[in-house]
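Step one of this worksheet: look at the structure below.
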Amino acid sequence: MLNRFRLEFLSRPENVGLARVTVAAFAAQVDPTLEELDDIKGAVSEAVANAIIHGYGNSPDGIVVVEGVLYGDAIEVSVEDSGKGIENVAQAMEPEFSTDPERLGLGFSFMHAFMDSISADSVPGRGTRVVMRKQFASRH
Amino acid sequence: MLNRFRLEFLSRPENVGLARVTVAAFAAQVDPTLEELDDIKGAVSEAVANAIIHGYGNSPDGIVVVEGVLYGDAIEVSVEDSGKGIENVAQAMEPEFSTDPERLGLGFSFMHAFMDSISADSVPGRGTRVVMRKQFASRH
Amino acid sequence: MEIDSVGEVMVARLQGEIDLKVSDALREALDGALERLPVRHLVFDFECVSFIDSTGLGVILGRYKKVAGAGGKFGVTGLHPPVRRVLELSGILRIAQEFNSPGEAVRMLGGGA
Amino acid sequence: MEIDSVGEVMVARLQGEIDLKVSDALREALDGALERLPVRHLVFDFECVSFIDSTGLGVILGRYKKVAGAGGKFGVTGLHPPVRRVLELSGILRIAQEFNSPGEAVRMLGGGA
Ligand SMILES: Nc1ncnc2c1ncn2[C@@H]1O[C@H](COP(=O)(O)OP(=O)(O)O)[C@@H](O)[C@H]1O
Ligand SMILES: Nc1ncnc2c1ncn2[C@@H]1O[C@H](COP(=O)(O)OP(=O)(O)O)[C@@H](O)[C@H]1O
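Protein chains in written order, with my numbering: chain A, 63 to 202; chain B, 63 to 202; chain C, 68 to 180; chain D, 68 to 180.
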């Protein structure tokens, strides 16, 4: 483990960007490529938006926790809420599945595409924790 | 209170920048002037560097906690370590006082200059918490 | 965001990072313009967009669906790599026509007027 | 960082954000150059510096103190507002001479050679 951080913030729309900036600045410490950085920002955006929209139903007073761990050649990012949870995680992860007709149902698909692995733990009524990992291309 | 966050990270030199970026992205939510943003970044840099250098004696495994609260027209930022603490806070705050001959002793002076108010609570052997507040010029 | 219309084509020039923070305001601005302006086709100019996530894409696709029923077409332009990436992933690049500039989009979709 | 020397003047072109992260490496690079090069005067070019804190200023002032004993002079150039601010606050702008360019600094401190 090279480094780690934990960021807690309120479930407000403007904090999606805060999470993105913090994770990007953290990941930048190991000199990723621009594309790797864009992928990480994209994945964080999806997971944090989900915590706010689905986890807390857009109520602004929930707490979202983002943690990052840097290894020499990989980053692990987790996003956690104490919101309503997911009844069926496998179904939630299916492309184009959404419980909100206004949304695309592509959040988890994007996380999969951007990162090398992703897993979600959820307890209905208690909350959700998504853990994502990305390997950096070695350029050294 | 408009918004708040809490960021915890290891006492490593590269995390001074992480703290700066996070606080700046947070403060940017209320559209401060560039100068206000520079001031806030400067103050955070001084306080976090002190936590790492003095609080933890440059050991990389301490935890530094930065918290931010945004009000409509002001920001409060605190920086906390669980390091060695300060015996005499009043003396520590004097311009050019430093316990390290290699340093300028200007960290607290800069924090004073950059922010509208600053206070430090410290318990020797337990740690230090610096709280700083800055009012934004109203431009609305 | 700036919205222009030329004939039946509306061009929305998006800006910055398009995520949950701006999605409600974006949806309202686009829906307002669609009600106000006698347009059929929708063009999104991403030249000044550095980031967009699935929340932002949902707003855009939703507006396209509103005009699609009446035979409206969907154009995009100015795609920087991170934006192109998610437009591809989402399948939007299979639905939308990509143009080299907003001007080209207007000419092609507007029927060369 | 790039270090050039012209006659008795050493010019250090600093880069980026100068804080605790880079201060050790900066100190070593400057001390190494001061040992290697037969210079008396020290010029810091801040043109590419967007941020510096008291840790960074300490490294710079410490290097100046090394040459000051032998009558060395201290020049700065390329000060963007946030850098100028802390150079003022720290009193460095009262000790150092400010120049419009590294070239000017070299001409003035080097005695017009
Ligand atoms: N943090 C969460 N808390 C509760 N439900 C969630 C959370 N994240 C995802 N979900 C559920 O999983 C579904 C699929 O998520 P996703 O693929 O991101 O698509 P979308 O956000 O567009 O609905 C959501 O519609 C929601 O029902
Ligand atoms: N977080 C801290 N933990 C322990 N001691 C501290 C801390 N912050 C400041 N100090 C003490 O206060 C002194 C003055 O701090 P400062 O004005 O920032 O100057 P400098 O960092 O250059 O020494 C330091 O030399 C140190 O002894």
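Glycine residues also receive a C-beta, built at the ideal position from the N, C-alpha and C atoms.
Since we're looking at a predicted model, the values are computed, not measured.
Less than 8 Å between C-beta atoms, sequence neighbours within five positions excluded: which residues of the same chain meet that for residue i?
i	result
residue 152 of chain A	none
residue 124 of chain B	72, 73, 113, 114, 117, 118, 143, 144 and 145
residue 67 of chain B	84, 88, 129 and 130
residue 63 of chain B	131, 132 and 133
residue 77 of chain D	70, 71, 100, 101, 104, 106, 108, 109 and 110
Residues of chain C with a CB under 7 Å from the CB of residue i: which are they?
i	result
residue 75 of chain A	87 and 88
Residue i touches chain A at which residues, Cβ-Cβ below 7 Å?
i	result
residue 72 of chain B	65 and 66
residue 128 of chain C	166
residue 99 of chain B	Here the premise fails: no neighbours, minimum Cβ distance about 13 Å.
Within 10 Å of its beta-carbon, does residue i have 16 or more other beta-carbons around it, so buried, or fewer, so exposed?
i	result
residue 104 of chain C	exposed
residue 156 of chain D	buried
residue 77 of chain A	buried
residue 180 of chain D	Confidence at residue 180 of chain D is low in this model, with a pLDDT of 44, below 50, so its placement is unreliable and the value that follows should be read with caution. When all chains shown are included, residue 180 of chain D counts as exposed.
residue 170 of chain C	exposed
residue 182 of chain D	Nothing about residue 182 of chain D can be read from this structure; chain D reaches only from 68 to 180.
residue 184 of chain B	buried
residue 97 of chain B	exposed
residue 161 of chain B	exposed
residue 183 of chain C	No answer is possible for residue 183 of chain C: the residues shown for chain C start at 68 and end at 180.
residue 95 of chain B	exposed
residue 101 of chain B	buried
residue 132 of chain D	exposed
residue 112 of chain C	buried
residue 82 of chain A	buried
residue 84 of chain C	buried
residue 75 of chain B	buried
residue 111 of chain A	buried
residue 163 of chain A	exposed
residue 168 of chain C	exposed
residue 92 of chain C	exposed
residue 149 of chain C	buried
residue 137 of chain C	exposed
residue 130 of chain C	buried
residue 161 of chain C	exposed
Return the chain-ordered list of same chain residues with a C-beta closer than 6 Å to the C-beta of residue i, the five sequence neighbours on each side being excluded.
i	result
residue 120 of chain C	86
residue 172 of chain D	110, 142, 144 and 166
residue 105 of chain B	173, 176, 177 and 194
residue 100 of chain D	70
residue 108 of chain B	169, 172 and 173
residue 114 of chain C	145
residue 179 of chain A	195
residue 147 of chain C	none
Just to make sure I have the definition right: I need the residues of chain A whose C-beta is within less than 9 Å of the C-beta of residue i. Which are they?
i	result
residue 197 of chain B	Within chain A, no residue comes near residue 197 of chain B; the closest Cβ sits about 21 Å away, beyond 9 Å.
Identify, in the order they occur along the chain, each residue of the same chain with its Cβ nearer than 7 Å to the Cβ of residue i, setting aside the five sequence neighbours on each side.
i	result
residue 154 of chain A	148 and 170
residue 91 of chain A	65 and 132
residue 200 of chain B	135
residue 99 of chain A	86, 89 and 90
residue 73 of chain C	173 and 177
residue 75 of chain D	106, 107, 108 and 177
residue 124 of chain C	153, 157 and 159
At a CB-CB cut-off below 8 Å, which residues of chain B make contact with residue i?
i	result
residue 87 of chain A	79, 80, 83 and 84
residue 153 of chain D	104 and 172
residue 96 of chain A	Result: empty, since nearest Cβ-Cβ is about 17 Å, beyond 8 Å.
Note down, in chain order, every chain B residue with its Cβ under 7 Å from the Cβ of residue i.
i	result
residue 91 of chain A	76
residue 145 of chain D	Ordered by position in chain B, no residue passes the 7 Å Cβ test against residue 145 of chain D, which lies about 16 Å from the chain.
residue 169 of chain D	Those within 7 Å of residue 169 of chain D in chain B number zero; the least Cβ separation is about 24 Å.
Strictly below 7 Å CB to CB, what residues from chain D border residue i?
i	result
residue 117 of chain B	The premise fails here: residue 117 of chain B is roughly 13 Å from chain D at the closest Cβ pair, so nothing lies under 7 Å.
residue 107 of chain B	86 and 120
residue 113 of chain B	Those do not exist, as residue 113 of chain B stays about 10 Å from chain D at its closest Cβ, beyond 7 Å.
Applying a beta-carbon distance threshold of less than 8 Å, which residues of chain A neighbour residue i?
i	result
residue 124 of chain C	166 and 168
residue 156 of chain C	168, 171, 172 and 175
residue 105 of chain C	Chain A residues near residue 105 of chain C: none, gap ~26 Å exceeds 8 Å.
At 9 Å on the CB atoms, spell out the chain B contacts of residue i, in chain order.
i	result
residue 81 of chain D	Those within 9 Å of residue 81 of chain D in chain B number zero; the least Cβ separation is about 15 Å.
So residue i contacts chain D; which residues on that side make the cut at Cβ distance below 8 Å?
i	result
residue 178 of chain B	Those do not exist, as residue 178 of chain B stays about 16 Å from chain D at its closest Cβ, beyond 8 Å.
List the residues of chain D that residue i touches, going by C-beta distances under 9 Å, in chain order.
i	result
residue 154 of chain B	The contacting residues do not exist; residue 154 of chain B stays about 14 Å from chain D at best.
Run through chain C and tell me which residues come within less than 9 Å of residue i, C-beta to C-beta.
i	result
residue 183 of chain A	Those within 9 Å of residue 183 of chain A in chain C number zero; the least Cβ separation is about 21 Å.
Please give the ranges of any alpha helix (DSSP H) in the region 98 to 155 of chain A, keeping only runs that are unbroken, at least 4 residues long and fully inside the region.
151 to 154
With a floor of 4 residues, list each alpha helix (DSSP H) that falls wholly inside the region 74 to 139 of chain D, ordered by position along the chain.
87 to 103 and 121 to 135
According to a CB-to-CB cut-off of less than 7 Å, which residues of the region 122 to 152 of chain B neighbour chain E?
Absent from the structure is chain E; the protein chains it does hold are A, B, C and D.
Kindly provide the ranges of any alpha helix (DSSP H) runs that are 4 or more residues long and lie completely inside the region 167 to 197 of chain A, ordered along the chain.
169 to 176, all fully within the region 167 to 197 of chain A.
Start-end ranges of the alpha helix (DSSP H) lying completely within the region 153 to 180 of chain C, minimum 4 residues:
Qualifying alpha helix (DSSP H) stretches, in chain order: 159 to 162 and 169 to 176.
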